[in-house]
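Visitor: For the sequence shown, UniProt numbering assigns the number 1 to the initial residue and increments by one for each residue that follows.
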Amino acid sequence: MSYNIDEKGYYGEFGGAYIPEMLYPNIEELRQNYMKISEDPSFKKEFNQLLKDYVGRPSPLYFAKRLSEKYNTKIYLKREDLNHTGAHKVNNTIGQILLAKKLGKSRIIAETGAGQHGVATATVCALMGIECVVYMGEVDIARQAPNVARMKMLGAKVVPALSGSRTLKDATNEAMRDWINNPVDTHYIVGSVVGPHPYPDMVARFQAVVSEEIKWQLKEKEGTENPDYLIACVGGGSNAAGTYYHYLDNMDVKIIAVEAAGKGIDTGESAATSVLGKEGIIHGSKTLLMQTKDGQITEPYSISAGLDYPGVGPMHANLYKTGRAEFIAITDDEAMTAGLELSQLEGIIPAIETSHAFAVFEYKTFNPEDIIVVNLSGRGDKDLQNYIDYFKL
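#1: Nearest by alpha-carbon distance to glutamate 174: which of Ala335, Tyr199, Thr73, Val133 is it?
#2: Compute the distance between the beta-carbons of isoleucine 352 and alanine 329, then report whether it is under 8 Å.
#3: Quick check: the Cα distance between lysine 52 and asparagine 386, rounded to an integer number of angstroms?
#4: When the Cβ atoms of the region 235–254 are set against those of the region 341–351, are three or more pairs found closer than 8 Å?
#5: Of the choices Glu39, Ile94, Gly12, Gly115, whose alpha-carbon is the least far from that of leucine 50?
#6: So, with DSSP's three-state summary, where would you put lysine 263?
#7: Among Lys78, Lys74, Asn72, which one has its Cα closest to the Cα of tyrosine 62?
#8: Among the candidates Ala240, Gly311, Glu279, Leu342, whose CA atom is the shortest distance from the CA of alanine 325?
#9: Mind checking serine 2: buried by the 16 CB within 10 Å criterion, or exposed?
#10: Whole beta strand (DSSP E) runs in the region 37–71 with 3 or more residues, listed along the chain?
#11: Can you tell me where the beta strand (DSSP E) with lysine 78 in it begins and where it stops?
#12: List the whole-angstrom C-beta distance separating serine 165 from glutamate 299, where the pair is believed to meet the contact cut-off of C-beta under 8 Å.
#13: So, aspartate 40 versus alanine 305, is the Cβ gap smaller than 8 Å?
#14: Would you report the Cα separation of methionine 151 and cysteine 125, rounded to the nearest angstrom?
#15: For phenylalanine 14 versus alanine 317, is the C-beta spacing smaller than 8 Å?
#16: Rank Lys321, Lys74, Asn48 by C-alpha distance to the C-alpha of threonine 273 and give the top, closest one.
In structure tokens form, the structure reads like this:
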């Protein structure tokens, strides 16, 4: 079986496009054109050129010597934190802004949680001179102030989402409403492998540059394209999708997806969708979703704004359901401790989202000869205040 998307837009039983009729023209226009445009040689040339000269790719694959010594295994870090804007998000926004231009769109909307996707969207809109509106939950605006300032400085309009829990889910709802009201001139740059088909596949393809680079970088360093393990944190799951993409159907490579357990899986304050989720529909796709017995979406919680999402992308729902990936839920405390440890062992301060992935080494023992690649998906500048408050630095 294949763990890639099928022609109907499903990963196994997850995915599809469950959308209001009002959104049908927008989604259909994308579905009919995204592959044709993104496979076009002129598009590829421009995309790759921007990734190289603007984003600064390829991002290094760095052997973390002291971390490896501590855990007695070989740990490589895929340094997405070194990209322009400080995370993996920009890979996708560059792809989508080029797509939007080819479709003749003059206005961009986006949703953001931690603000990294909002910053990456505002960045490419400034680059291309296109109007940009970013929806962000009021709670996230307060806890991610530096990113809000960056978006405004880049010329974006930041609109607070004031409904529900005032976090990522609500920002996404507001962005969808905007798109329904402005179908002709507006493209919605979704920031993760979530939403109706073709978004999960489109975002995964633009992020697949990550695993494409891992293959040749690992070949250079270890003489093999295949690591034993790939590890990435998963909220919606775009950094993870990019990390796994070229290895999905390669059973020699084990996949570990790390979710946010928040204050603990059983506390009612968690975002561990794989454990707590049931099949349902959120933001246009069928996936695993945290919900009450009568199907109302329950509020997720995580110390990291970027993992604070009640669902997970359909690719990951399928990886979980089929057992292709091992899902591990890491608490706030475990993640914060792992983030501090990486900072002090390797001189790299990770985003709190990314810190969840590094907590796996306390959780699971690897063999000394195992080659492990961790996606260091974002840098911790945006989270310094959280770290300061948590550790009383």
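The beta carbon of each residue, even a glycine, is placed where N, CA and C say it ideally should be.
Guide: Result, derived from the coordinates:
#1: Translated into the one-based positions of the sequence shown, residue 174 becomes position 174. Measuring from the Cα of glutamate 174, the nearest candidate turns out to be Val133.
#2: Residue mapping note: residue 352 aligns to position 352 of the sequence shown, counting from 1. Residue mapping note: residue 329 aligns to position 329 of the sequence shown, counting from 1. No. Outside cutoff.
#3: Here the question's residue 52 lines up with position 52 in the sequence shown. Here the question's residue 386 lines up with position 386 in the sequence shown. Distance from the CA of lysine 52 to the CA of asparagine 386, rounded to the nearest whole angstrom, comes to 32 Å.
#4: The region 235–254 vs the region 341–351: no contact.
#5: Against the sequence shown, residue 50 aligns to sequence position 50. Distance from the Cα of leucine 50 is smallest, within the candidate group Glu39, Ile94, Gly12, Gly115, for Ile94.
#6: For the purposes of this step, residue 263 is identified with residue 263 of the sequence shown, where counting begins at 1. DSSP, reduced to helix, strand and coil, places lysine 263 outside both helices and strands of the structure shown, so it counts as coil.
#7: Taking the first residue of the sequence shown as position 1, residue 62 is located at position 62. Among Lys78, Lys74, Asn72, the Cα nearest to that of tyrosine 62 belongs to Lys78.
#8: Along the sequence shown, read from residue 1 onward, the residue named residue 325 stands at position 325. When each option's Cα is compared against that of alanine 325, the closest is Ala240.
#9: Here residue 2 refers to the residue found at position 2 when the sequence shown is read from its first residue. Classification for serine 2: exposed.
#10: Runs found: 61–63.
#11: Along the sequence shown, read from residue 1 onward, the residue named residue 78 stands at position 78. DSSP places lysine 78 inside the beta strand (DSSP E), whose first and last residues are 74–78.
#12: Against the sequence shown, residue 165 aligns to sequence position 165. Against the sequence shown, residue 299 aligns to sequence position 299. Correct: roughly 5 Å between the Cβ atoms.
#13: What you label residue 40 is simply residue 40 of the sequence shown in a count that begins at 1. What you label residue 305 is simply residue 305 of the sequence shown in a count that begins at 1. Not in contact: aspartate 40 and alanine 305 (Cβ atoms no closer than 8 Å).
#14: For the purposes of this step, residue 151 is taken as residue 151 along the sequence shown, with counting starting at 1. For the purposes of this step, residue 125 is taken as residue 125 along the sequence shown, with counting starting at 1. Taking the straight line from one Cα to the other gives about 10 Å.
#15: Along the sequence shown, one-based indexing puts residue 14 at 14. Along the sequence shown, one-based indexing puts residue 317 at 317. Judged by beta-carbon spacing, alanine 317 lies within the 8 Å limit of phenylalanine 14, meaning their Cβ atoms are closer than that value.
#16: Locating residue 273 in the sequence shown gives position 273, counting from the first residue. Per the Cα distances, Lys321.
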